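Enquirer: I have a structure I would like to understand better, so I am pasting it below and will then ask my questions one at a time.
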């Protein structure tokens, strides 16, 4: 062994592989392949070198060369699956424990192997055996935690068996041995899970609490939660008011105070007592808020507004003087208008203002604008317009008024926010909202181009502002700027859990606009992330047991479940299978296996939505939480339906190829696909006008309506119209004893099940764009989308024809075998003729080839058009100077007059190259050659 603890073999292997790693790290993938070949020439069984060679091919976008290497490695892995699959690892330790039953190390490894699989029953059994053999307290608590997890997971047996067992076991340990703080945590969690908050509260007030080593605020919060669960609202009120007297700026205490106060007030009972309690809380809140004004404490002043909001909702007139809402808002704004949190703090309470008070508040902010120094005017202008928009003032603006306001705000930003990124970002967002309203109302391309120009200007002036980049991703995604969105995502350094929560900008974009190889790479990276997350969370669960952090196990298990059931993961996997089969595979059998995917059925009801749609601020009047919830639900449902449609399509195509396919299950797949397609066409309109969602927080459009109505699925189903009968004929010829005449008749019937070339031509004419219409601004993204979808249709159609041809060929061969076994008597030598189906399939491929030629011709024509001088003037509208009359506004928007159009055109050119590469003879087009 070396000093580092590595064997000599490991050291030699690392030395051999180092040049390959260095080449990959520096981005020299060609050299990496050469270095890998050098190693493999001398040491052909160096699997790590093969894996690195495949990685270099993938990064060079040479997927066709990477796939055979990956397939070879997968076959080798299958031989060693016992040591690599988590569900098989426990078997190894089970055998070891059977052989060495007194070995503590093997037993603990067996427990941890079960913990990685969340096999709580076997965890319980193993940890109890450990405790009996080696009576250590942690092992006993492993057993209790395993029972606790079974109680959480089984709502039926939990109350009857697991909860009482966990309580009995932990009480026994508490009564007989000194315990740790983590054990007290677990005991309290068990009592809470059993619905015994009173007993948990009693335990926290007993001598047991001396073992509970937690920060005092944490203990106080837990006691308040337990008291609320017990319904002791008056006691909670007293304790919270005492605590707030010493810590008035702790907002969570104010929330709890109002929760328990109004829970008590809303109960039926003595009305005088209820009003007295509420009046006392009102008096306490007002006095705290008055003191807070002198000390500039936010929480008490926000609490006063929140209390007023709740009181107004209940139409209650307090005995004491709660004050007028307008005055509270004025006070808060006067004291804290310079802080970015000012608007966020008061936004949700603005609706308690009457119409006159709303006008007075806006007037007050306009007057405040004259009082602040010139450098701070931008902050006040932003606050005023945010409040006006939240109150609905912007809803009645005409286009001219909206443009005039946007001009004013941009002038303020240019003049006063060169060094104030926060205010500049806020003003940019407000202007974008105004211009977005115009674009939605009139579909004015000028307004959209002004949005892009503004965002690019802010991005250059304030490169650290993430909000501007997110808005740019939203806008460029709308017009198919795939490469620009990729670059912006790289700038934002989206990583770790954000790959799931913020995946929605890029996720469907690449495949929509024909960047299929980039989409495959992106989806593969997503798959790697989710696999890595699965392992890391499993290791965190193991560490929680090892470090006695028992109460962390449920939250880690829940996190694992959410990641495992993520719709992002499933969508990426299904889409990756579809486009990889079409554009990255050369072998039909490999493509069909790719389409078929995992044999296990998908539990569509268990899927989770981990996306965070609240990264862009909501400035519109509707409540943010309600708006985001509605948006999340709608887009989540659409994402599930889009994934399901692709999944059923893949399974339907792949089902025709497998030997175990029967006419019955093929018919079932056809019915499922047809039913879901009909549902999608009915639920999601085609949206020919391509109107985007109003919400700027919306993810990139899934375009499910367009996909469902496009004819791609219908085209595939037309090609496979006779699939069920074809399988029935093939099975009859393969398994039944039939005569030569019957075999010939069945062969003829099989040929009749094939589609007609004219039918395919009719479908493809609707899929492939017929001509280039360059008159409309921003026309390129719609054309790229149509070309991307037509490329997918042609490639998928080519795969279907190859599958059909293989079945017809087998049928023809079976008929030939039957004829050979029953030869006709003849003295003449029969001339060997070409099989009749060959010409038929050549005719069937002709419409696909024609569509492919039209498709590539159109893309080449588009590329030439974009290369012409003056292309930008045709593609993008000019920004009229009369829209931006104030000082600095027009100059700011046009400061990147050349860079922005050239960046967009360059992105489109890259998209065209991607699409042409994906459609080339070595990729998608080889299926029709």
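Residue numbers (UniProt numbering): 1 to 929.
Quick reminder that beta carbons are idealized off the backbone N, C-alpha and C, glycines included.
These figures come from a predicted structure and were not determined experimentally.
Which runs of the alpha helix (DSSP H) fall wholly inside the region 478-528 and span at least 4 residues, in chain order?
Expert: Fully enclosed alpha helix (DSSP H) runs of 4 or longer: 482-492, 498-501 and 509-512.
Enquirer: Mind listing, in chain order, the continuous alpha helix (DSSP H) runs of no fewer than 4 residues lying wholly within the region 14-69?
Expert: Within the region 14-69, the complete alpha helix (DSSP H) runs of at least 4 residues are 29-42 and 47-59.
Enquirer: Excluding five sequence neighbours on each side, which residues of the same chain lie with their C-beta closer than 7 Å to the C-beta of residue 562?
Expert: Residue 562 sits at position 562 when you count from the first residue of the chain shown. Here the set comprises 608 and 610.
Enquirer: Count the other C-beta atoms from every protein chain shown that fall within 10 angstroms of the C-beta of residue 286, then say buried if there are 16 or more, exposed otherwise.
Expert: As a first step, residue 286 must be located in the chain shown, where it is residue number 286. So residue 286 ends up on the buried side.
Enquirer: Once DSSP output is grouped into helix, strand and coil, what is the label at residue 443?
Expert: Taking the first residue of the chain shown as 1, we reach residue 443 at position 443. If DSSP states are grouped into helix, strand and coil, residue 443 belongs with coil.
Enquirer: To which residues does DSSP link residue 566 through a beta bridge?
Expert: Residue 566 sits at position 566 when you count from the first residue of the chain shown. Answer is 608, bridged to residue 566.
Enquirer: Hey, residue 811 and residue 902: beta-carbon distance below 8 Å or not?
Expert: One-based indexing of the chain shown puts residue 811 at position 811. One-based indexing of the chain shown puts residue 902 at position 902. In this structure, residue 902 does not lie closer than 8 Å to residue 811 by Cβ.
Enquirer: Start and end of the alpha helix (DSSP H) containing residue 718?
Expert: As a working mapping, residue 718 is identified with position 718 in the chain shown. From DSSP, the alpha helix (DSSP H) with residue 718 extends over 712-719.
Enquirer: With distances taken between CB atoms, is the gap from residue 781 to residue 480 smaller than 8 Å?
Expert: Reading the chain shown from its first residue, position 781 is the one you call residue 781. Reading the chain shown from its first residue, position 480 is the one you call residue 480. Result yes, Cβ atoms of residue 781 and residue 480 sit closer than 8 Å.
Enquirer: Take residue 445 and list the residues in its own chain whose beta-carbon comes closer than 7 Å to its own, dropping the five residues that flank it on each side.
Expert: Within the chain shown, residue 445 is the residue found at index 445, counting from 1. For residue 445, where only same-chain residues beyond five positions count, the Cβ hits under 7 Å are 777, 778 and 877.
Enquirer: Quick one: is residue 538 buried, meaning 16 or more other Cβ sit within 10 Å of its Cβ, or exposed?
Expert: By 1-based counting over the chain shown, the position of residue 538 is 538. Label assigned to residue 538: buried.
Enquirer: If the criterion is Cβ atoms closer than 8 Å, does the pair residue 615 and residue 470 meet it?
Expert: Counting from one through the chain shown, the residue named residue 615 turns up at place 615. Counting from one through the chain shown, the residue named residue 470 turns up at place 470. Taking 8 Å as the Cβ cut-off, residue 615 and residue 470 qualify as a contacting pair.
Enquirer: Taking C-alpha atoms, which residue in 847, 554, 325 and 560 lies nearest to residue 354?
Expert: Here residue 354 refers to the residue found at position 354 when the chain shown is read from its first residue. Of 847, 554, 325 and 560, the residue nearest in Cα terms is 325.
Enquirer: So, helix, strand or coil for residue 161, using DSSP?
Expert: One-based indexing of the chain shown puts residue 161 at position 161. If DSSP states are grouped into helix, strand and coil, residue 161 belongs with the helices.
Enquirer: Which one of 896, 560, 329 and 872 has the shortest CA to CA distance from residue 301?
Expert: Counting from 1 along the chain shown, the entry for residue 301 is found at position 301. Closest option to residue 301, Cα to Cα, is 329.
Enquirer: Hey, quick one: how far does the alpha helix (DSSP H) through residue 986 stretch, first residue to last?
Expert: Shown here, the chain extends from 1 to 929; a query on residue 986 therefore has no answer.
Enquirer: For residue 345, which residues in the same chain have their Cβ closer than 6 Å to its Cβ, ignoring the five residues on either side in sequence?
Expert: On the chain shown, residue 345 is found 345 positions in, with the first residue counted as 1. Only 302 meet the Cβ criterion.
Enquirer: Could you tell me if residue 604 is buried or exposed, where buried requires 16 or more neighbouring beta carbons within 10 angstroms of its beta carbon?
Expert: In the chain shown, counting from the first residue as 1, residue 604 sits at position 604. Exposed is the call here.
Enquirer: How many angstroms separate the CA atom of residue 394 from the CA atom of residue 369?
Expert: Locating residue 394 in the chain shown gives position 394, counting from the first residue. Locating residue 369 in the chain shown gives position 369, counting from the first residue. When rounded, the distance between both Cα atoms is 20 Å.
Enquirer: To which residues of the same chain is residue 504 closer than 7 Å at the C-beta, ignoring the five residues directly before and after it?
Expert: Your numbering for residue 504 matches position 504 in the chain shown. So the list reads 611, 699 and 700, once near-sequence residues are dropped.
Enquirer: Buried or exposed for residue 50, please, with buried defined as at least 16 other CB atoms from any protein chain shown within 10 angstroms of its CB.
Expert: In the chain shown, the residue the question calls residue 50 occupies position 50. Burial call: buried.
Enquirer: Is DSSP giving residue 323 helix, strand or coil here?
Expert: The count along the chain shown starts at 1 and reaches residue 323 at position 323. Coil, per DSSP.
Enquirer: Under three-state DSSP, which class holds residue 700?
Expert: Taking the chain shown and counting its residues from 1, the one referred to as residue 700 is at position 700. It is coil, neither helix nor strand.
Enquirer: So within the region 272-329, which uninterrupted alpha helix (DSSP H) runs reach at least 4 residues, ignoring any that extend past its ends?
Expert: Within the region 272-329, the complete alpha helix (DSSP H) runs of at least 4 residues are 298-313.
Enquirer: Suppose you measure from the CA of residue 559 to the CA of residue 209; what does that come to, to the nearest Å?
Expert: Counting from one through the chain shown, the residue named residue 559 turns up at place 559. Counting from one through the chain shown, the residue named residue 209 turns up at place 209. Between residue 559 and residue 209, the C-alpha separation is close to 30 Å.
Enquirer: Between which two residues does the alpha helix (DSSP H) containing residue 680 stretch?
Expert: Counted from its first residue, the chain shown places residue 680 at position 680. Counting along the chain, the alpha helix (DSSP H) containing residue 680 begins and ends at 663-683.
Enquirer: Ordered along the chain, which non-local residues of its own chain (more than five positions away) have a Cβ less than 8 Å from that of residue 461?
Expert: The residue you call residue 461 lines up with position 461 of the chain shown. Closer than 8 Å at the Cβ level, and outside the excluded window around residue 461, lie 418 and 424.
Enquirer: Please state whether DSSP places residue 195 in a helix, a strand or coil.
Expert: Taking the chain shown and counting its residues from 1, the one referred to as residue 195 is at position 195. Looking at residue 195 - three-state DSSP - the assignment turns out to be coil, as it is neither helix nor strand.
Enquirer: Among the residues of its own chain, which have a CB less than 7 Å from the CB of residue 918, if the five just before and after it don't count?
Expert: Looking up residue 918 in the chain shown gives position 918. Once the five neighbours on either side are set aside, the close Cβ partners of residue 918 are 514, 516, 517, 583, 791 and 924.
Enquirer: Check whether the Cβ atoms of residue 654 and residue 595 sit closer than 8 Å, and answer yes or no.
Expert: Within the chain shown, the letter at position 654 stands for residue 654. Within the chain shown, the letter at position 595 stands for residue 595. Yes, these two residues count as a Cβ contact at 8 Å.
Enquirer: For residue 288, does the count of other Cβ atoms within 10 angstroms reach 16, so buried, or fall short, so exposed?
Expert: Looking up residue 288 in the chain shown gives position 288. Buried, because 16 or more other Cβ atoms sit within 10 Å of the Cβ of residue 288.
Enquirer: Using the Cα positions of residue 258 and residue 307, report the straight-line distance between them to the nearest angstrom.
Expert: On the chain shown, position 258 is the one that residue 258 refers to. On the chain shown, position 307 is the one that residue 307 refers to. Residue 258 and residue 307: Cα-Cα distance of roughly 7 Å.
Enquirer: Name the two residues that bound the continuous alpha helix (DSSP H) containing residue 229.
Expert: The count along the chain shown starts at 1 and reaches residue 229 at position 229. Segment 216-230, the alpha helix (DSSP H) holding residue 229.
Enquirer: Can you give me the C-alpha to C-alpha distance between residue 441 and residue 881, rounded to a whole angstrom?
Expert: By 1-based counting over the chain shown, the position of residue 441 is 441. By 1-based counting over the chain shown, the position of residue 881 is 881. Those two C-alpha atoms are separated by around 21 Å.
Enquirer: Exposed or buried, residue 658, counting other C-beta atoms within 10 Å across all chains shown (16 or more means buried)?
Expert: Looking up residue 658 in the chain shown gives position 658. Residue 658 comes out exposed.
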